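Residue numbers (our numbering): 8 to 397.
Every residue, glycine too, gets a C-beta built ideally from N, C-alpha and C.
Model, not experiment: these values are computed from the prediction.
Have a look at the structure below before the remarks.
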Amino acid sequence: MSKSLFIASTRQDIGKTSISLGLIHLLKKNFGRIAFLKPLSQRYTLIEQQKVSEDALLIKEVFALEDRIEDMSPLIIEKGLSEKYIQGEVGKGFRKRIRKAYENLVKQADLLIIEGTGHSAVGSVFHLSNPEVAKLLEADVLLVCEGGIGRSIDEINLNRSFFEQKGCRVLGVLVNKILQEKYRRVSTCLKQYLQKEGIALLGLLPYCPLLSNPPLWLIAQHTQAEIVSGEKCLERNIGRIIVGTMEPETILELLRNISEQTLLITSADRIDLLLAVFTIYFRNIGKAHNLAGVLLSGKRALPQSIKEILLSVNLPILRADEDIYTLASQIYSLRTKITREDKKKIDALQKLAEEYIDIEKLNTLLKSEKKETKKRWRTKILDFLKWRVG
8 MSKSLFIAST RQDIGKTSIS LGLIHLLKKN FGRIAFLKPL SQRYTLIEQQ KVSEDALLIK
68 EVFALEDRIE DMSPLIIEKG LSEKYIQGEV GKGFRKRIRK AYENLVKQAD LLIIEGTGHS
128 AVGSVFHLSN PEVAKLLEAD VLLVCEGGIG RSIDEINLNR SFFEQKGCRV LGVLVNKILQ
188 EKYRRVSTCL KQYLQKEGIA LLGLLPYCPL LSNPPLWLIA QHTQAEIVSG EKCLERNIGR
248 IIVGTMEPET ILELLRNISE QTLLITSADR IDLLLAVFTI YFRNIGKAHN LAGVLLSGKR
308 ALPQSIKEIL LSVNLPILRA DEDIYTLASQ IYSLRTKITR EDKKKIDALQ KLAEEYIDIE
368 KLNTLLKSEK KETKKRWRTK ILDFLKWRVG
């Protein structure tokens, strides 16, 4: 029986942490105590002046895990670390540090979930690619790929061979973010192909727009915007952006016909548009309440009379110095990460996992006996020496 499961993705930003959240939610019903490890982290936050993985901290907080965050997040890959490693300034003990964290966690747990970083080759500059780390930590591997047919199959085969070449056992594949309109066609093709190739399919999850929609507080943070009003409503998730350069009547018509939570970006000197929007918001005409917030661009100060109206409306109003199109571009390029405050997103993730992940099949695979991958003694000795040198 395996005591550790390595979650790897075929590309970056496919949703490994989302999958980890869903899997832990399901697996904790079958395993007494689950631990979590993010061996290498590219994104971090500061906790009492200590750099820790954002993903590890999220999992710790959501599931109230008692393990030390230092063990859950042993190595942070900061900007410039690769250059320092190549030049010999850092790097001694990286492997030992990760292995020690693993040993501290696994001895207390019935199952250890290990989440990889980026695509499979990330970390290879340190000889700590995802397959190398999975092998170091004696973990079985679950591959996560994005919904599609040809490209997804190519990526599954490429990454599977990479892990198996390093001596890892790949338990199966989980497909994430399949577009609703393509779900039946994609799932049918992937099921047929993977069954023919003898690769276990552990789930086909549809794309959920809510999970990709950024909350207003994140948009404010990303655009360095001032919060003018509506501070209590910044958890609203934005599914649509309207760039307000048209006539007020056109904007109002758009708002009436949009079903998603919408952010209006317009210039701070468009008083005509602001008054029209606030009027429809007050009267709740049509679907006006799909207007989730307004982002004002430019350094021009708002007239006092308009400011008073804004403060009287329970609508988030943000103001940033950049021009309209720069702000829109910044928001479109924003990478959304789930936080512990995103209760709706976490609930949605767990429901998706319950419905679409074959947890019984995964449990069976985890409990099956490992067949050690045959390796030459020379390779085994080299692996041992690498670990000793650290």
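- Counted as a single uninterrupted DSSP element, the alpha helix (DSSP H) harbouring T230 occupies residues L223 to T230.
- Closest by C-alpha distance to E61, out of E73, L72 and S48, is S48.
- Taking C-beta atoms under 8 Å as the contact rule, L211 and L197 qualify, at a distance of about 7 Å.
- Here the C-alpha atom of N37 lies approximately 24 Å from the C-alpha atom of D78.
- In the DSSP assignment, I93 falls within the alpha helix (DSSP H) that extends over L88 to I93.
- With a cut-off of 8 Å on Cβ pairs, the stretch 136 to 144 is in contact with the stretch 103 to 114, counting three or more such pairs.
- Judged by DSSP secondary structure, P255 falls within the alpha helix (DSSP H) whose first and last residues are P255 to R263.
- With respect to the 8 Å criterion, K99 and E139 are not classified as neighbours on the basis of their beta carbons.
- Here the stretch 19 to 31 does not lie against the stretch 130 to 137, with fewer than 3 beta-carbon pairs under 8 Å apart.
- Going by beta carbons, V235 and A335 fall outside the 8 Å limit.
- If you compare the alpha carbons of I287, R342, E361 and L223 with that of E348, the shortest gap goes to L223.
- The beta-carbon separation of S159 and V132, rounded to 27 Å, does not stay under the 8 Å limit for a contact.
- In this structure, the beta-carbon distance from Q19 to H126 falls below 8 Å.
- Taking 8 Å as the cut-off, the beta carbon of G246 is found closer than this to the beta carbon of E267.
- In this structure, the beta-carbon distance from E122 to K58 does not fall below 8 Å.
- Assigned with DSSP and collapsed to three states, K358 falls in helix.
- For A275 against R326, the beta-carbon gap comes to about 6 Å, under 8 Å, which counts as contact.
- Cβ neighbours of S194 within its own chain (closer than 6 Å, five residues either side excluded): L211.
- For R176, no alpha helix (DSSP H) run applies, since DSSP gives it neither H nor E.
- Separation of the CB atoms of T343 and P216 is rounded to 11 Å, and the pair is thereby denied contact status at 8 Å.
- Using a 10 angstroms sphere on the CB of D328, the tally of other CB atoms stays under 16, which defines it as exposed.
- In the DSSP assignment, T24 falls within the unbroken alpha helix (DSSP H) covering K23 to L34.
- If you draw a straight line from the Cα of K374 to the Cα of L209, it comes to about 15 Å.
- Residue range F101 to V113 is occupied by the alpha helix (DSSP H) that includes F101.
- Nearest to L149 by C-alpha distance, out of R167, Q357 and I248, is R167.
- Annotation for V250: the continuous beta strand (DSSP E) segment containing it runs R247 to V250.
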